[in-house]
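2 protein chains.
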Amino acid sequence: MKNNRNKTVTIADVAREAGVSAMTVSRALREPDRVSAKSLKQIRAVIDRLGYVPDPAAQALAAGRTNVIGVIVPSVTNNVFADVMRGLYDAAGNTRWQVQFGNSRYSPLEEESLVRTFLNQRPAGLVISGIDQSEETRKLLRESSCRIVQIMETTDRPLDMLVGFSHIEGARAATRHLIGRGYRHIGFLGARLDPRTQRRLEGFRDVLQDAGMMDENRIVTTPQPSTVTLGGLLMADLLSRAPDTDAIFCNNDDLALGALFECQRRGLSVPADMGICGFNDFEMMASAVPPITSVRTHRQEIGKRAMRMMVDALEGREPDETLVDLGFEVIARQSTNRPRNAG
Amino acid sequence: MKNNRNKTVTIADVAREAGVSAMTVSRALREPDRVSAKSLKQIRAVIDRLGYVPDPAAQALAAGRTNVIGVIVPSVTNNVFADVMRGLYDAAGNTRWQVQFGNSRYSPLEEESLVRTFLNQRPAGLVISGIDQSEETRKLLRESSCRIVQIMETTDRPLDMLVGFSHIEGARAATRHLIGRGYRHIGFLGARLDPRTQRRLEGFRDVLQDAGMMDENRIVTTPQPSTVTLGGLLMADLLSRAPDTDAIFCNNDDLALGALFECQRRGLSVPADMGICGFNDFEMMASAVPPITSVRTHRQEIGKRAMRMMVDALEGREPDETLVDLGFEVIARQSTNRPRNAG
DNA sequence: TTGTATGCGTTATCAA
DNA sequence: TTGATAACGCATACAA
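For the record, the sequence lines run as chains A and B. Each number in the working numbering corresponds to the 1-based position in the first sequence with 1196 added. Each number in the working numbering corresponds to the 1-based position in the second sequence with 1196 added.
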């Protein structure tokens, strides 16, 4: 296999052309203040003319660190994380830091392996989803000298920094909303029971148990990834098991939309016969017919804050808050607007 | 800023412990056949015991190349590319090649800058979306010695290898389908007019002009990214401009779903009063009420094929086909099932 | 403000 | 089959 090395312009070439030493060029790039205005001008001109770009591998090797900020998400196809990634990207945009994604596919083992791979590259920082890292992963991270931001959840004991919200509280609020709207036989539709999903189920259980309305028959879950079609299937399953169910809390919006479609196929009126509440508040929820109630989460904002926090920390501006809860909001829409005389 | 260098186990450590030279360890890792069975066993034991992992930066610097396959997509939030990325990931999974994503945000300039960044890392290969690279980008790519796979479109003159399908033909087929179903006043809803979208519009125009049914008034587009909500707005816009429109081709499925919701709000029957056809065939199309006709594209498969092709080429197994058209299928559903007596 | 010497961890080359 | 030596391109430490 041949080298991919082409017409490599090195720092030495620049130095020679500019009539200075390689070190001065190196400094001109990283600490321009410590180089005379004259040299700086010369060097910059030569760099432009020659099209010099530093070799990141050489930089990493010599400096013992990189400008890479690793990001570990459990999925690249899940819209939730797509939004988070956008936020992370946006905030990293005009900085000198470079974002690199890794996909753990919801597997703690793959996550551990990704962390190893990243740490081997001596990243400046690591953004990692959730708080359920394996003990080995936590050890690796603690022993590394790189900064860490956990995202999408919240806890009292973050590894380092954290930006997220409480899934259990989100689910509690949604469930309370359904009760408040007069629903009494409330079910739960859940797909892919990752840790966050499980916490939502936990919150749902809490509230229903307190209200004396809990019925395990109304909990329908599947390990498959959530889709709209699956929402319809789960809804059908629930209705066959517990036909008197009058409302559902779906652990995400895909399922909620699928459930709505299933109700339409069965001639069930939403919200009169069936109340529906989703989670995440994707934009389509607002324009469904009827519009679907959901728990809005601030996914892109979480990405932005996390990256800003990371960059601040890396650039020596230690953030005031290193544990941020961005919360959630129950967006009440027609799909849970139960008529007084219903049921 | 301190080093991120920790307890680094180097190849020299392994060599010492195994009683061989560093070169032999290096060979044991890359060309085990050229190392004696005895040394190999020793070395592997020591590697395990010490937990040695090669430093990628040092490898890149010394070897003049990396095992990185760069992937440039125009969006990470667009479901289309999320699916492609999944395919790429899947196919790269058990190889020695590492995938790295870059997001050009639909900007040829950002794409060019990404290409430069990637090429600076001496990637083994580059997967790049579309065929509309800037002249400068094309030049950079041609001058580089790395392999290239263009994806998601097709052309006679690929830069190197290519896996995709024809957007213009997809749109033509969809439009013919609508005509075949008896619709006569067909409109087009389009968002974010990227090159692929524009080709779909072109195909739409072709067919309608040939059929003598073209009416520019029925083309409604916006530069905004497509959403379900936007589909509803565009549909409303179209109906106010051309109230006698009896069918629409949407340049993607989000818009189609939004258009369906808008019809529901207006009491328009789909498919009797309005035929709706989407593009991409996301899974939700099948479970909408009524199910929505769409043009199925093989996004994940494109990713898989592209990565397999790349890996084969990199490992010296030059692929038989380097220009693959994976086609598309019009999936006819109830949303375009126009009753005989309608209109 | 600038430069020199040295090392980062690995691989290519060539000789043994 | 193995090893010694010399890069790879840059940054650190220190000296001037």
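Ideal Cβ placement from N, Cα and C applies to all residues, glycine included. Small disclaimer: the values here were computed from a predicted structure and weren't measured.
Report the neighbours of residue i on chain B: residues whose CB is nearer than 7 Å to its CB, in chain order.
| i | result |
| --- | --- |
| residue 1282 of chain A | 1272, 1273 |
| residue 1296 of chain A | 1296 |
Taking residue i as the query, report the chain A residues whose CB atoms sit under 9 Å from its CB, ordered along the chain.
| i | result |
| --- | --- |
| residue 1285 of chain B | 1272, 1299, 1301 |
| residue 1252 of chain B | 1253, 1256, 1313, 1316, 1317 |
| residue 1493 of chain B | Going along chain A, no residue has its Cβ under 9 Å from residue 1493 of chain B, so there is no contact; the nearest lies around 15 Å. |
| residue 1359 of chain B | Correct list: empty, because the minimum Cβ distance to chain A is about 19 Å. |
| residue 1346 of chain B | Result: empty, since nearest Cβ-Cβ is about 19 Å, beyond 9 Å. |
| residue 1457 of chain B | 1480, 1483, 1484, 1485 |
In or out: residue i buried (at least 16 other Cβ within 10 Å) or exposed?
| i | result |
| --- | --- |
| residue 1405 of chain A | exposed |
| residue 1534 of chain A | buried |
| residue 1319 of chain A | buried |
| residue 1500 of chain B | buried |
| residue 1252 of chain B | buried |
| residue 1303 of chain A | exposed |
| residue 1388 of chain B | buried |
| residue 1197 of chain A | Residue placement at residue 1197 of chain A is flagged as unreliable, the pLDDT there being 28, under the threshold of 50; the coordinate-derived value follows with that caveat. Exposed, because fewer than 16 other Cβ atoms sit within 10 Å of the Cβ of residue 1197 of chain A. |
| residue 1352 of chain B | exposed |
For residue i, list the residues DSSP reports as bridge partners.
| i | result |
| --- | --- |
| residue 1527 of chain A | A/1490 |
| residue 1415 of chain A | A/1384 |
| residue 1264 of chain A | A/1294 |
| residue 1347 of chain A | A/1325, A/1359 |
| residue 1471 of chain A | A/1443 |
| residue 1519 of chain A | A/1358 |
| residue 1299 of chain B | B/1269 |
| residue 1533 of chain A | None, per the DSSP bridge assignment. |
| residue 1274 of chain A | BP columns for residue 1274 of chain A are empty, so no partner. |
| residue 1476 of chain B | B/1492 |
By Cβ distance, which residues of its chain are closer than 6 Å to residue i, with the 5 residues on each side in sequence left out?
| i | result |
| --- | --- |
| residue 1396 of chain A | 1363, 1367, 1447 |
| residue 1271 of chain A | 1277 |
| residue 1230 of chain B | 1223 |
| residue 1459 of chain B | 1466, 1470 |
| residue 1201 of chain A | Only weak support is given to the placement of residue 1201 of chain A: the predicted model assigns it a pLDDT of 43, under 50, and the question is left unresolved by the model. |
| residue 1340 of chain B | 1315 |
| residue 1360 of chain B | 1347, 1348, 1349, 1350 |
| residue 1324 of chain A | 1268, 1346 |
| residue 1239 of chain A | 1214, 1221, 1224 |
For residue i, return the contacting residues in chain B, with the cut-off set at a CB-CB distance below 8 Å.
| i | result |
| --- | --- |
| residue 1428 of chain A | 1483 |
| residue 1395 of chain A | Under the 8 Å cutoff, chain B gives no residues; its nearest Cβ is about 25 Å from residue 1395 of chain A. |
| residue 1461 of chain A | 1485 |
| residue 1249 of chain A | 1312, 1316 |
| residue 1454 of chain A | 1480, 1483 |
Less than 8 Å between C-beta atoms, sequence neighbours within five positions excluded: which residues of the same chain meet that for residue i?
| i | result |
| --- | --- |
| residue 1199 of chain A | For residue 1199 of chain A, the predicted structure reports a pLDDT of 39, less than 50, and the residue's modelled location is therefore unreliable. The matter cannot be settled from this model. |
| residue 1282 of chain A | 1496, 1499 |
| residue 1413 of chain B | 1437, 1438 |
| residue 1484 of chain B | 1453, 1456, 1531 |
| residue 1338 of chain B | 1355 |
| residue 1235 of chain A | 1214, 1216, 1220, 1224 |
Less than 7 Å between C-beta atoms, sequence neighbours within five positions excluded: which residues of the same chain meet that for residue i?
| i | result |
| --- | --- |
| residue 1402 of chain A | 1368 |
| residue 1208 of chain B | 1218 |
| residue 1441 of chain A | 1381, 1383, 1414, 1434, 1435 |
| residue 1492 of chain B | 1477, 1524, 1525, 1527 |
| residue 1379 of chain B | 1442, 1443, 1471, 1534 |
| residue 1425 of chain A | 1454 |
| residue 1308 of chain B | 1330, 1332, 1333 |
Note down, in chain order, every chain A residue with its Cβ under 8 Å from the Cβ of residue i.
| i | result |
| --- | --- |
| residue 1530 of chain B | Within chain A, no residue comes near residue 1530 of chain B; the closest Cβ sits about 12 Å away, beyond 8 Å. |
| residue 1305 of chain B | Ordered by position in chain A, no residue passes the 8 Å Cβ test against residue 1305 of chain B, which lies about 13 Å from the chain. |
| residue 1423 of chain B | 1479, 1480 |
Quick one: list the residues of chain A neighbouring residue i, beta-carbon separation under 7 Å, in chain order.
| i | result |
| --- | --- |
| residue 1233 of chain B | Within chain A, no residue comes near residue 1233 of chain B; the closest Cβ sits about 25 Å away, beyond 7 Å. |
Who are the neighbours of residue i on chain B, taking C-beta pairs under 9 Å?
| i | result |
| --- | --- |
| residue 1279 of chain A | 1273 |
| residue 1400 of chain A | What residue 1400 of chain A touches in chain B: nothing, since even the nearest Cβ is about 24 Å away. |
- Query: Between the segment 1496-1512 of chain A and the segment 1342-1362 of chain A, do at least 3 Cβ pairs fall closer than 8 Å?
  - Reply: Short answer: they touch.
- Item | Three or more C-beta pairs below 8 Å linking the segment 1254-1265 of chain B and the segment 1473-1487 of chain B | The segment 1254-1265 of chain B is not in contact with the segment 1473-1487 of chain B.
- Message: For the structure I just gave you, are there three or more beta carbon pairs, one from the segment 1293-1305 of chain A and one from the segment 1237-1247 of chain A, closer than 8 Å?
- Response: Verdict: no, contact absent.
- Query: Can you find at least 3 beta carbon pairs, one from the segment 1410-1417 of chain A and one from the segment 1428-1435 of chain A, that sit closer than 8 Å?
  - Reply: The segment 1410-1417 of chain A and the segment 1428-1435 of chain A touch, with no fewer than 3 CB-CB distances between them shorter than 8 Å.
- Task: Pair every Cβ in the segment 1510-1518 of chain A with every Cβ in the segment 1207-1224 of chain B, then say whether three or more of these pairs are closer than 8 Å.
- Result: Short answer: they don't touch.
- Query: Okay, do the segment 1279-1296 of chain A and the segment 1262-1269 of chain A touch, 3+ Cβ pairs below 8 Å being the bar?
  - Reply: Contact between the segment 1279-1296 of chain A and the segment 1262-1269 of chain A is present, because at least three Cβ pairs lie under 8 Å.
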